[in-house]
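The listed protein sequences correspond, in order, to chains A and B. All the letters of the first sequence, read from the start, carry residue numbers 49 to 197 under the working numbering. All the letters of the second sequence, read from the start, carry residue numbers 49 to 197 under the working numbering. All C-beta atoms, glycine included, are put in the ideal place defined by N, C-alpha and C. Structure, as structure tokens:
2 protein chains.
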Amino acid sequence: MLRLSKLTDYATVILSFMAKDKTQVLAAMEIASMTGIAQPTVSKILKLLVNANVLISTRGAKGGYALARTPEEISVAAVISALEGPIALTECSISHQGCEQASGCDIRGNWGLINQTIHNALESVTLADLTRPAAVPEEVFVPVASLYR
Amino acid sequence: MLRLSKLTDYATVILSFMAKDKTQVLAAMEIASMTGIAQPTVSKILKLLVNANVLISTRGAKGGYALARTPEEISVAAVISALEGPIALTECSISHQGCEQASGCDIRGNWGLINQTIHNALESVTLADLTRPAAVPEEVFVPVASLYR
DNA sequence: TTAAATAGGACTAGAATAGTCCTCAATTAA
DNA sequence: TTAATTGAGGACTATTCTAGTCCTATTTAA
Ligand code: FES
Ligand code: FES
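This is how it looks when you write it as structure tokens:
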């Protein structure tokens, strides 16, 4: 199904909530109770988002989490890669080691292009787009095949 | 990582091999020995591809598998959905049941758009594109730096 | 100093995947 | 007609991955 992990799904919910909320800094526990996601799980996700520079954290009392940039500047690609690592469909798109199929596999370059296309698509959608109420058919069409012919 | 399953990866290797091979009909065992993938696994994949109308099978002695269409007419999207089901990042893009996040989730429409975009990208690349020798310079691989900016 | 928070990582249980195997059905050729 | 070949379909197991929890250390405000 080419699916996103559950944690990534939660992350979008959490970030959407944070984008809509006026408050600048929110504690993990607040977020948990507002979104209905279990607190330890929320914390785990928030930490990952901090590591990927999507969120900024403040320690200590009165501490919490805040968006590192405006919702317009946070791409869906950034969120996904924060939770799941580099966006790539196949192993060999990330590192070219250990991918020698017996009969010589020349697929690499082409998969790379596909990955690039998908990455572009995800890069072009921001958190602001996700929170926008009704989807504006802002067609993000990238004709990959045309790049070959 | 937004990754493809290993079986899907194998499927592309198998199909690439079949596309390049002159022979019309290939037995599962032949494919296994040529690609180096274990025979039972190859069979499993071939069966799935038949069910999805990507391959056509012939039973009995001298039987085997053949591409259902020309490589130009077999999209990567078709291959992926044969192995992994509908191409969609989130559950609620497939069926809209049971996705009511406490605070009212209006994400659907927008995820739908993202899914559509990715689907378009995968639909536009064919098996012929994958087998094409060295389509692109190395530079096309996903620029990891952009994931963290 | 104390309380409130995050950082980091270990750990467990459950789910999904990969991979194998067995039996049945169909086709060809001797 | 029979035997050999090959795919269909599905059950099954083992392994890996994911989700989720929890513990301890660190940082900061009051
Ligand atoms: S499997 Fe990595 S290049 Fe083909
Ligand atoms: S989770 Fe399905 S619509 Fe938001």
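Which same chain residues, not among the five before or five after residue i, have their C-beta less than 7 Å away from its C-beta?
i	result
V102 (chain A)	A116, I122, A126, V127 and A130
L55 (chain B)	I93 and L131
T60 (chain B)	V127 and L178
M82 (chain B)	F65
Q87 (chain A)	A76, M77 and A80
L96 (chain A)	A130 and L131
Starting from the beta carbon of residue i, find every residue of chain B whose beta carbon is closer than 7 Å, and list them in chain order.
i	result
D177 (chain A)	N158
E78 (chain A)	Result: empty, since nearest Cβ-Cβ is about 13 Å, beyond 7 Å.
L96 (chain A)	By Cβ distance, chain B contributes nothing, its closest Cβ being about 13 Å from L96 (chain A), past 7 Å.
So, for residue i: in the same chain, excluding its five sequence neighbours on each side, which residues have a beta-carbon less than 8 Å away from its beta-carbon?
i	result
G112 (chain A)	V73, L74, A75, A76, E78, S105 and T106
V98 (chain A)	I104, S105 and Y113
T179 (chain A)	S64, A67, K68 and P119
K110 (chain B)	V73
S53 (chain A)	L131 and E132
K70 (chain A)	none
S151 (chain B)	Reliability fails at S151 (chain B), whose pLDDT of 42 lies under 50, so the model's placement of it is uncertain and the value that follows must be treated cautiously. Here the set comprises nothing.
From what residue to what residue does the alpha helix (DSSP H) around residue i run?
i	result
I122 (chain A)	Premise fails: I122 (chain A) is in no alpha helix (DSSP H) and is neither H nor E.
A59 (chain B)	K54 to K68
L175 (chain A)	L175 to T179
L97 (chain A)	Q87 to N99
S81 (chain B)	A76 to T83
If the cut is a Cβ gap below 8 Å, which residues of chain B does residue i touch?
i	result
I62 (chain A)	Within chain B, no residue comes near I62 (chain A); the closest Cβ sits about 10 Å away, beyond 8 Å.
Using the beta-carbon of each residue, which ones in chain A are nearer than 8 Å to residue i?
i	result
V124 (chain B)	I162
E120 (chain B)	What E120 (chain B) touches in chain A: nothing, since even the nearest Cβ is about 10 Å away.
I128 (chain B)	L50
Report back the beta-carbon spacing between residue i and residue j to the nearest angstrom; my notes put them in contact at under 8 Å.
i	j	result
V9 (chain B)	V124 (chain B)	In the structure as shown, chain B starts at 49 and stops at 197, and residue 9 (chain B) therefore has no counterpart that could be examined.
L50 (chain A)	L137 (chain B)	7 Å
I166 (chain A)	I135 (chain A)	7 Å
So residue i is in the beta strand (DSSP E); what residue range does that whole segment cover?
i	result
T106 (chain A)	L103 to T106
A114 (chain A)	G112 to L115
In chain order, what residues of the same chain lie with their CB nearer than 6 Å to the CB of residue i, ignoring the 5 residues before and after it?
i	result
I85 (chain B)	Y58
A100 (chain B)	A130
E171 (chain B)	S123 and A125
A176 (chain B)	P119 and E120
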